[in-house]
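Numbering of the sequence shown is given in the working numbering, commencing with residue 5 and proceeding in unit increments. Where is the CB? At the ideal position from N, CA and C, for every residue including glycine.
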Amino acid sequence: MKIKFKCPEIEDKELIKSFLKQEHSRNCEMTFANIFLWSRTIYPLKFAVIENTICFLSETEGYSVTFPIGTGDKKKVIELLKEEWKQEGRKLTLRLVTEEQFRQLQEMYGEKVEISYNRNIADYVYETEKLIRLSGKKYHGKKNHINRFIANHPEWQYEPITKENVSQCIAMAEEWGRRNGCDENKDKQQELSVAIQGLTMLEALDLKGGLLRAEGEVIAFTFGGAVCDDTFVVHVEKAYAEIQGAYPMINREFLKAEAAGYMYVNREDDTGAEGLRKAKLSYHPVFLIEKGIVTLMD
Numbered sequence: 005m006k007i008k009f010k011c012p013e014i015e016d017k018e019l020i021k022s023f024l025k026q027e028h029s030r031n032c033e034m035t036f037a038n039i040f041l042w043s044r045t046i047y048p049l050k051f052a053v054i055e056n057t058i059c060f061l062s063e064t065e066g067y068s069v070t071f072p073i074g075t076g077d078k079k080k081v082i083e084l085l086k087e088e089w090k091q092e093g094r095k096l097t098l099r100l101v102t103e104e105q106f107r108q109l110q111e112m113y114g115e116k117v118e119i120s121y122n123r124n125i126a127d128y129v130y131e132t133e134k135l136i137r138l139s140g141k142k143y144h145g146k147k148n149h150i151n152r153f154i155a156n157h158p159e160w161q162y163e164p165i166t167k168e169n170v171s172q173c174i175a176m177a178e179e180w181g182r183r184n185g186c187d188e189n190k191d192k193q194q195e196l197s198v199a200i201q202g203l204t205m206l207e208a209l210d211l212k213g214g215l216l217r218a219e220g221e222v223i224a225f226t227f228g229g230a231v232c233d234d235t236f237v238v239h240v241e242k243a244y245a246e247i248q249g250a251y252p253m254i255n256r257e258f259l260k261a262e263a264a265g266y267m268y269v270n271r272e273d274d275t276g277a278e279g280l281r282k283a284k285l286s287y288h289p290v291f292l293i294e295k296g297i298v299t300l301m302d
């Protein structure tokens, strides 16, 4: 019988989350919020529950699936997928495979599997306490930017995002889009669409958000949520770059308010963008979560 994949809907949240919890993954893609938001805007995604595991299918990225997550027999699931792909004239390709998942594949298939890691999609993971405290020489520049922000905006305010102020964040996101040329850049348009949809669905997606004000105006916002017991993911962070210190300030205040109880914070990947990579490295990650592609041969 053909495996039926379906688009994730908000009513699938608890089902999908029940499987994701079993993986104890720090991978930013393994949150319902990411799965739901990005599948709606950029990467159409479907899922199927197979033999007490869950797999996610991408038809736009080479018709590939994620490694099975759950308590079921993962090799059996892979073989079922492999047979179905074979009948359709395809070779089974697994995407977003982490190092731990690849080790499991090696135990199953030995030298028959190889992985091709993509540095552009590796997640940056940091110690939360260090990003809150910003102590020591290596964070000296970040502290200087924050101190400059406080000096320039002595009446600054941090607030959690609520139903009462979320519309101001959406307005700021739209203005950010205008200032950053989103109308002329499809990737930026899609990124902005994810941010705005996330803002409108914070509660439904179990997300926490925070905003930063200067002179009463919202000049930065961010939101994220837990991916596992010890790791918090920051999914979106926007600030007016021309306001010195706005980015490090919203990052610090948000983590202090919402993520202090987590050992790690995952700030997602850099998409291969040089400026973003430089910025993420400047916060000194403790490790990267490498992810790659595995094609299973007959």
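Pull the bridge partners of residue i from the DSSP assignment, please.
{"i": "R217", "result": "Q161, V222"}
{"i": "D127", "result": "I293"}
{"i": "Y268", "result": "E131, T235"}
{"i": "A230", "result": "F236"}
{"i": "F51", "result": "K10, F60"}
{"i": "G74", "result": "T57"}
{"i": "R99", "result": "T70"}
Quick one: using the 10 Å Cβ neighbour count with 16 as the cut-off for buried, is residue i buried or exposed?
{"i": "P164", "result": "exposed"}
{"i": "Q105", "result": "buried"}
{"i": "T204", "result": "exposed"}
{"i": "G140", "result": "exposed"}
{"i": "K78", "result": "buried"}
{"i": "A37", "result": "buried"}
{"i": "E257", "result": "buried"}
{"i": "C173", "result": "buried"}
{"i": "T316", "result": "Shown here, the chain extends from 5 to 302; a query on residue 316 therefore has no answer."}
{"i": "A263", "result": "buried"}
{"i": "A177", "result": "buried"}
{"i": "N270", "result": "buried"}
So, at 8 Å on beta carbons, what are the nonlocal neighbours of residue i in its own chain, with the 5 sequence-adjacent residues on each side left out?
{"i": "N122", "result": "K295, G296, I297"}
{"i": "E2", "result": "Examination of residue 2 is not possible in this model, given that the chain is present from 5 through 302 alone."}
{"i": "Q193", "result": "G181, C186, D187"}
Here's a check: name, in chain order, each residue in its chain whose Cβ is nearer than 6 Å to the Cβ of residue i, leaving out the five neighbours to either side.
{"i": "V1", "result": "The structure shown has nothing for residue 1, since the chain only spans 5 to 302."}
{"i": "A283", "result": "none"}
{"i": "I254", "result": "L216, A224, T226, A243"}
{"i": "Y251", "result": "A243"}
{"i": "K147", "result": "L138"}
Give a yes or no on whether the C-beta atoms belonging to residue i and residue j are separated by under 8 Å.
{"i": "V290", "j": "Y130", "result": "yes"}
{"i": "K86", "j": "L280", "result": "no"}
{"i": "L259", "j": "L135", "result": "yes"}
{"i": "L98", "j": "V69", "result": "yes"}
{"i": "H149", "j": "A218", "result": "no"}
{"i": "G229", "j": "L216", "result": "no"}
{"i": "W42", "j": "V198", "result": "yes"}
{"i": "Y268", "j": "R94", "result": "no"}
{"i": "G276", "j": "N124", "result": "yes"}
{"i": "G202", "j": "A261", "result": "no"}
{"i": "A52", "j": "K8", "result": "yes"}
In terms of residues, what are the limits of the beta strand (DSSP E) holding residue i?
{"i": "S22", "result": "No beta strand (DSSP E) holds S22; the alpha helix (DSSP H) holding it covers 17-27."}
{"i": "I119", "result": "119-121"}
Tell me which residues share the same chain as residue i and place their Cβ nearer than 7 Å to its Cβ, disregarding the 5 neighbours each side in the sequence.
{"i": "Q161", "result": "R217"}
{"i": "I200", "result": "I174, A177"}
The alpha helix (DSSP H) that contains residue i, what's its start and end?
{"i": "Y113", "result": "103-113"}
{"i": "T204", "result": "190-204"}
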